[in-house]
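Contents: one structure, followed by commentary.
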Amino acid sequence: MAFSFGYSPWLLLLCVAVAGGLTYWSYRVTVPSLHLGWRLLLGSLRFLALALICFLLFEPVLRQIQSTERPPVLAVLVDESESMQVVTAGTESPSPARARDSVRPVLEALQSGGLPGRTELFSVGGTPQRRPSVGLDSLQFNGSRTDLARALEAVPEGLQGENLRGVLLVSDGQYNTGQNPLRVADRSPVPIHTVTVGDTSRRRDLRLQSVTTNDRAYLNSSVPVRARLGVTGGNRESVTVALQQNGQPLAQRDVRLPQGPGEVSVDLSFEPERAGLQQLTVSVTALSGEVTTQNNSQTVSVRVLESKRQVLVLGSAPSPNVSAIRRVYERTADTEVTARIPTPDGSFQDGALPDTLSDFDVIVCAGFPSAPVPADVTERVATAIDEGTPGLFFVDPQTDLTAWNEHFRGVLPARPDAASTGFTEAAFSVVESERQHPVFRIENADLSLFGRLPPLQVSDVPWSPTPDARVLGTATPGDDPLLVVRRRAGLRTAAFLGTGVWRWALLPSELEPADPLWPGLASNLLRWVSTETDDAPVRVQPVAPTFDGDESVSFTGQVYDESMQPVSDAAVEVTVTDSTGSEYPYTMEPVGQGRYALDVGTLPDGAYQYRATARRGGAELGTDQGEFSVAPLRIEYQAPRADAVFMRQLATRSGGTAYTPRTISQLPSDLATQNSFTSEVVRQSTEAELWRTSLFLLAILAFLASEWTLRKFLGLT
Numbered sequence: 014m015a016f017s018f019g020y021s022p023w024l025l026l027l028c029v030a031v032a033g034g035l036t037y038w039s040y041r042v043t044v045p046s047l048h049l050g051w052r053l054l055l056g057s058l059r060f061l062a063l064a065l066i067c068f069l070l071f072e073p074v075l076r077q078i079q080s081t082e083r084p085p086v087l088a089v090l091v092d093e094s095e096s097m098q099v100v101t102a103g104t105e106s107p108s109p110a111r112a113r114d115s116v117r118p119v120l121e122a123l124q125s126g127g128l129p130g131r132t133e134l135f136s137v138g139g140t141p142q143r144r145p146s147v148g149l150d151s152l153q154f155n156g157s158r159t160d161l162a163r164a165l166e167a168v169p170e171g172l173q174g175e176n177l178r179g180v181l182l183v184s185d186g187q188y189n190t191g192q193n194p195l196r197v198a199d200r201s202p203v204p205i206h207t208v209t210v211g212d213t214s215r216r217r218d219l220r221l222q223s224v225t226t227n228d229r230a231y232l233n234s235s236v237p238v239r240a241r242l243g244v245t246g247g248n249r250e251s252v253t254v255a256l257q258q259n260g261q262p263l264a265q266r267d268v269r270l271p272q273g274p275g276e277v278s279v280d281l282s283f284e285p286e287r288a289g290l291q292q293l294t295v296s297v298t299a300l301s302g303e304v305t306t307q308n309n310s311q312t313v314s315v316r317v318l319e320s321k322r323q324v325l326v327l328g329s330a331p332s333p334n335v336s337a338i339r340r341v342y343e344r345t346a347d348t349e350v351t352a353r354i355p356t357p358d359g360s361f362q363d364g365a366l367p368d369t370l371s372d373f374d375v376i377v378c379a380g381f382p383s384a385p386v387p388a389d390v391t392e393r394v395a396t397a398i399d400e401g402t403p404g405l406f407f408v409d410p411q412t413d414l415t416a417w418n419e420h421f422r423g424v425l426p427a428r429p430d431a432a433s434t435g436f437t438e439a440a441f442s443v444v445e446s447e448r449q450h451p452v453f454r455i456e457n458a459d460l461s462l463f464g465r466l467p468p469l470q471v472s473d474v475p476w477s478p479t480p481d482a483r484v485l486g487t488a489t490p491g492d493d494p495l496l497v498v499r500r501r502a503g504l505r506t507a508a509f510l511g512t513g514v515w516r517w518a519l520l521p522s523e524l525e526p527a528d529p530l531w532p533g534l535a536s537n538l539l540r541w542v543s544t545e546t547d548d549a550p551v552r553v554q555p556v557a558p559t560f561d562g563d564e565s566v567s568f569t570g571q572v573y574d575e576s577m578q579p580v581s582d583a584a585v586e587v588t589v590t591d592s593t594g595s596e597y598p599y600t601m602e603p604v605g606q607g608r609y610a611l612d613v614g615t616l617p618d619g620a621y622q623y624r625a626t627a628r629r630g631g632a633e634l635g636t637d638q639g640e641f642s643v644a645p646l647r648i649e650y651q652a653p654r655a656d657a658v659f660m661r662q663l664a665t666r667s668g669g670t671a672y673t674p675r676t677i678s679q680l681p682s683d684l685a686t687q688n689s690f691t692s693e694v695v696r697q698s699t700e701a702e703l704w705r706t707s708l709f710l711l712a713i714l715a716f717l718a719s720e721w722t723l724r725k726f727l728g729l730t
């Protein structure tokens, strides 16, 4: 305990002395004259009041230091995932009881009483959870994921303010979610000790390691499905791989497994007969004596569309530029191309122009029209685009820009100010603020490589973008627009105002990293213009088309009125229907600005449909519907053995020790000899600002009031 003052204590003593002198002078002689005892009493009351006032004016602070001893804490992390049932099963069926028996020696060693300090129990799965006590009954070993890194990072956060001195991880060493735990071990503030539980030998097992198929498919067209099998302890057995939908067989194939450990791929296919989101299951027959059959099947979802995207490509004349554009779209899996190239006499190669242009999803004018094209044909194409068919325009040296101005003026995102008189070379440059636009989301490509591509031929005619257009690319040198897009009244159009893209399609070997740029840009432009603009008043959709088995199913929604203004006070009801026809009603929660959210929690695996209805004041604003699926989650069964090597690495890289259930009894004595596993003395300092305490003010008032009362009683003037 100690005092401190805001000013010098010597000055305080001087003030107290002055207060004493004033008190003595005041009561040295009184009228009427009083006995010495009364004068001493009155002087004492005044002196105490003045002394306290001086004391408080110097802002006294009382400091107290309290020391407490905190025992060391050992955080015990028990892997509660399903894989613990498999690795501890031995020759019996996996069960939580077998897993509890395997971790029992560890927990008993911790409860034996020889451990210095105390323990805190955490269970490890997808999300780490703190347990109230170190006990077996609370462990179920049913976690569908294992994220060891997340658990190791969460322990120091969950034990803030505690004297955490070590972590004990009880696990089979298998993780399938999150980052590599070794990275967490490298920067762990405390040693991580490990106990490897389960069989470390490679036991006989057949598993489906992966199933891949197209994200989208089309009715009455073959859809490939590839299954990759992994086997441990194979003996060249023949197994059957089957493809099913809702229990109905679609395809199957026999395959012979390799000798010993190995992998083999199987290709299957089927033709979907209905559109929509469909859930497929690939399974393989079990091997005799394999450790588990839970990993012998996998589920995958595919969205089946009624038909491919129909694209009409209209060229200016046979040219490398038109061929480069046509080749990209013919190689796009979800696109069916119809091409018409005009000849000098005004007719078209490959037949006449189709009678009904509205049947096409996109019209690509690759330099179209050129001078030989009759005006009525050009007008037909312009009318089709103006009536709602998305249009994609490419400039070509033979493009009739006068016809563009006359016939396509209402749909072009940029208009030429005059007819073309010549072309100059220029490089393509992405507008910095538009780098995140969907047309530039090109897989495995660096957008900066556009600057290294061969230069384009750019018309010397000035181009004027419409007020509602966006310029995504410009010519360098200069700042003339080269790539312009527009969205107006639900119609999307785009214009590429440079020619010579065939040179982008035939790059030299030194520009191999830039190979994806041209096909990626052309495909994204086609996809962007053909994407329907959603003007529906109610838009509700799941955050993902397929959810994992332990993943919470959630929806997002938007509601608008007839003027397309956000509606924030609507009642949005969502009905989810499973494959058996059972309905589950939910209500979305408003989150502001016409947006809504819904979390329905986890659902059993299977295919689902949903229907959303928005109402306000009893009036229906609109509806929306769709599909989603929930896939069974079996990743815990992909590696049915304990990884002791990984557990030793985890302990070594964090400064800990690796144990087994047989050697865990050494842990208490090992911790007792470690200088790091000790109690911690925490000193806490508290301060009390006495000059803010009302008790002293009351004392001053009491002294002064007592003095005044006595003076009145004694008749002092």
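Each residue of the sequence shown is one higher than the last, beginning at 14 in this note's numbering. Heads up, the beta-carbon is just placed ideally off N, CA and C, and yes, glycines get one too.
Can you tell me whether residue i is buried or exposed? The criterion is at least 16 other CB atoms within 10 Å of its CB, across all chains shown.
i           : result
residue 205 : buried
residue 714 : exposed
residue 507 : buried
residue 53  : exposed
residue 596 : exposed
residue 44  : exposed
residue 115 : buried
residue 453 : buried
residue 59  : buried
residue 272 : exposed
residue 451 : exposed
residue 23  : exposed
residue 477 : exposed
residue 133 : buried
residue 49  : exposed
residue 127 : exposed
residue 571 : buried
residue 696 : exposed
Alpha carbon to alpha carbon, how far is residue i from residue j?
i           : j           : result
residue 554 : residue 290 : 13 Å
residue 152 : residue 184 : 13 Å
residue 527 : residue 485 : 19 Å
residue 5   : residue 234 : Any answer about residue 5 is impossible in this case: the structure gives the chain only from 14 up to 730.
residue 39  : residue 55  : 10 Å
residue 712 : residue 79  : 29 Å
residue 518 : residue 337 : 7 Å
residue 421 : residue 500 : 15 Å
residue 472 : residue 511 : 7 Å
residue 222 : residue 248 : 19 Å
residue 397 : residue 377 : 12 Å
residue 157 : residue 646 : 7 Å
residue 390 : residue 464 : 38 Å
residue 631 : residue 591 : 28 Å
residue 633 : residue 640 : 22 Å
residue 413 : residue 339 : 20 Å
residue 642 : residue 174 : 44 Å
residue 694 : residue 199 : 27 Å
residue 269 : residue 242 : 11 Å
Quick one: what's residue i bridged to in DSSP?
i           : result
residue 476 : 429
residue 727 : Paired residue(s): none; residue 727 is not in a bridge.
residue 323 : 349
residue 423 : None, per the DSSP bridge assignment.
residue 206 : 181
residue 573 : 579
residue 471 : 437, 511
residue 568 : 555, 611
Starting from residue i, follow the alpha helix (DSSP H) in both directions and report where the run begins and ends.
i           : result
residue 665 : 657-667
residue 165 : 161-171
Can you name the start and end residues of the beta strand (DSSP E) that residue i belongs to?
i           : result
residue 83  : 74-83
residue 636 : 632-644
residue 586 : 584-590
Start-end ranges of the beta strand (DSSP E) lying completely within the region 224-308, minimum 3 residues: Runs found: 229-231, 236-248, 251-258, 261-269, 272-283, 289-297.
Segments of 3+ residues assigned as beta strand (DSSP E) that fall wholly inside the region 330-406: Listed in chain order, the complete beta strand (DSSP E) runs (minimum 3 residues) inside the region 330-406 are 348-353, 375-379.
Beta strand (DSSP E) segments (min. 3 residues) lying fully within the region 486-548: Assignment of beta strand (DSSP E) within the region 486-548, counting only whole runs of 3 or more residues, yields 494-501, 504-509 in chain order.
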